[in-house]
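Below is one structure; the comments refer to it alone.
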Amino acid sequence: MPSPFDVLQVDPDADEQTVHQAYRRRVKEAHPDQGGSAQEFQLVQSAYETIIEGGADSWYETNGTDEPATAAESAPEPEQDPNVYVEYLDYEAVVANGWELGDDELFRKARRAGLDEDAHGELTVEPGDYLLEAAEDEGFDWPFSCRGGACANCAVLVVDGEMEMTVDNVLSDDLVAQGIQLSCIGTPVSDDLKVVFNVKDLPGLEELQLPSRMN
Ligand code: FES
Numbered sequence: 022m023p024s025p026f027d028v029l030q031v032d033p034d035a036d037e038q039t040v041h042q043a044y045r046r047r048v049k050e051a052h053p054d055q056g057g058s059a060q061e062f063q064l065v066q067s068a069y070e071t072i073i074e075g076g077a078d079s080w081y082e083t084n085g086t087d088e089p090a091t092a093a094e095s096a097p098e099p100e101q102d103p104n105v106y107v108e109y110l111d112y113e114a115v116v117a118n119g120w121e122l123g124d125d126e127l128f129r130k131a132r133r134a135g136l137d138e139d140a141h142g143e144l145t146v147e148p149g150d151y152l153l154e155a156a157e158d159e160g161f162d163w164p165f166s167c168r169g170g171a172c173a174n175c176a177v178l179v180v181d182g183e184m185e186m187t188v189d190n191v192l193s194d195d196l197v198a199q200g201i202q203l204s205c206i207g208t209p210v211s212d213d214l215k216v217v218f219n220v221k222d223l224p225g226l227e228e229l230q231l232p233s234r235m236n
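For the sequence shown, my numbering assigns the number 22 to the initial residue and increments by one for each residue that follows.
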């Protein structure tokens with residue numbers, strides 16, 4: 022039976038942050054929508070919980086030590102994945118390629134274009150986390166200034182899915198109706214989300230900017 026550390030692909034003495042980062046990577050790989058399976062996904066979740074709760078012994082009691090338990094044997098009913106998978110696209114790439122924000126094929130074009138990971142890709146947001154922080158946790162430098170809803174530097178355009186902003190902010194109802202959200206105070210509330218970030222120079226947002234704290 023692989024140990025929970027084997028499942029997450031971390032050393033047994035890895036610190037909690039390393040375990041957490043490994044979990045986020047592995048749970049994404051194991052997600053049924055990403056080529057994994059419900060069983061593998063459940064095994065990764067179970068391994069993470071076992072390590073975090075310090076219950077490696079109970080892992081072996083549950084899963085046995087002699088033969089690898091099949092995923093179906095070891096995994097209880099798959100649970101709903103609480104994380105949100107966010108596909109992002111940099112507005113600069115939209116402009117540079119002559120694409121249109123209203124194009125239904127926009128993200129398909131981005132996938133085919135082979136853009137750098139900074140410009141297009143997918144990140145995971147845990148429940149209740151802000152989108153900007155999740156992007157920064159992945160090492161990205163998305164624009165921001167106030168981090169409190171008082172400017173439009175961190176604005177994103179939601180192309181698919183839903184976000185909610187947690188505090189009062191400077192966006193007009195019209196902008197929100199167009200799909201604009203502030204990533205510093207916005208958290209995804211749908212299972213999946215597609216956003217174009219770095220849209221701060223769009224009409225209606227430019228005048229809401231504050232001096233940038235990026236670059
Ligand atoms: S950085 Fe100012 S509202 Fe997000």
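Beta carbons are placed, not taken as given, at the ideal position from N, Cα and C, and that holds for glycine.
Since we're looking at a predicted model, the values are computed, not measured.
- prompt: If you scan the segment 183-216 from start to end, which runs of the alpha helix (DSSP H) of 4 or more residues do you find wholly inside it?
  reply: You should have 194-198.
(Q) Quick check on DSSP: helix, strand or coil for residue 138? (A) Position 117 of the sequence shown holds residue 138. Correct three-state label for residue 138: coil.
query: What is the rounded straight-line gap between the Cα of residue 43 and the Cα of residue 133?
result: Against the sequence shown, residue 43 aligns to sequence position 22. Against the sequence shown, residue 133 aligns to sequence position 112. Going by C-alpha positions, residue 43 is about 28 Å away from residue 133.
Find out if the Cβ-Cβ distance for the pair residue 111, residue 219 is shorter than 7 Å.
Position 90 of the sequence shown, counted from the start, is the residue given in the question as residue 111. Position 198 of the sequence shown, counted from the start, is the residue given in the question as residue 219. Yes, the Cβ-Cβ distance between residue 111 and residue 219 is below 7 Å.
**Request:** Verify the contact flag: residue 29, CB atom, against every heavy atom of the ligand FES, threshold strictly below 6 Å.
**Result:** The count along the sequence shown starts at 1 and reaches residue 29 at position 8. It does not: the Cβ of residue 29 is nowhere closer than 6 Å to a heavy atom of the ligand FES.
Just checking residue 203 against the ligand FES - is the residue's beta carbon closer than 6 Å to any of the ligand's heavy atoms? For the purposes of this step, residue 203 is taken as the residue at position 182 of the sequence shown. Yes, the Cβ of residue 203 comes within 6 Å of a heavy atom of the ligand FES.
Practice problem: Below 8 Å on the Cβ atoms is my guess for residue 214 versus residue 179; work out the distance and round it to an integer in Å. | Solution: Position 193 of the sequence shown holds residue 214. Position 158 of the sequence shown holds residue 179. That pair is a contact at about 7 Å.
Would you mind stating whether residue 205 and residue 172 have Cβ atoms separated by less than 7 Å? Residue mapping note: residue 205 aligns to position 184 of the sequence shown, counting from 1. Residue mapping note: residue 172 aligns to position 151 of the sequence shown, counting from 1. No, the pair does not count as a contact, with Cβ atoms beyond the cut-off.
- CB residue 144 to CB residue 155, shorter than 7 Å? Mapped onto the sequence shown, residue 144 falls at position 123. Mapped onto the sequence shown, residue 155 falls at position 134. Between residue 144 and residue 155, the C-beta spacing is below 7 Å.
Task: Alpha-carbon to alpha-carbon, residue 29 and residue 70 - done: If you number the sequence shown from 1, residue 70 lands on position 49. If you number the sequence shown from 1, residue 29 lands on position 8. Inter-residue distance for residue 70 and residue 29 is about 11 Å (C-alpha atoms, whole angstroms).
For residue 141, which residues from the same chain have a beta carbon less than 6 Å from its beta carbon, with the 5 sequence-adjacent residues on both sides left out?
Counted from its first residue, the sequence shown places residue 141 at position 120. The residues are 110 and 131.
- Give me the Cα-Cα distance between residue 208 and residue 105, rounded to the nearest whole angstrom. Locating residue 208 in the sequence shown gives position 187, where the first residue counts as 1. Locating residue 105 in the sequence shown gives position 84, where the first residue counts as 1. Their Cα atoms are separated by approximately 10 Å.
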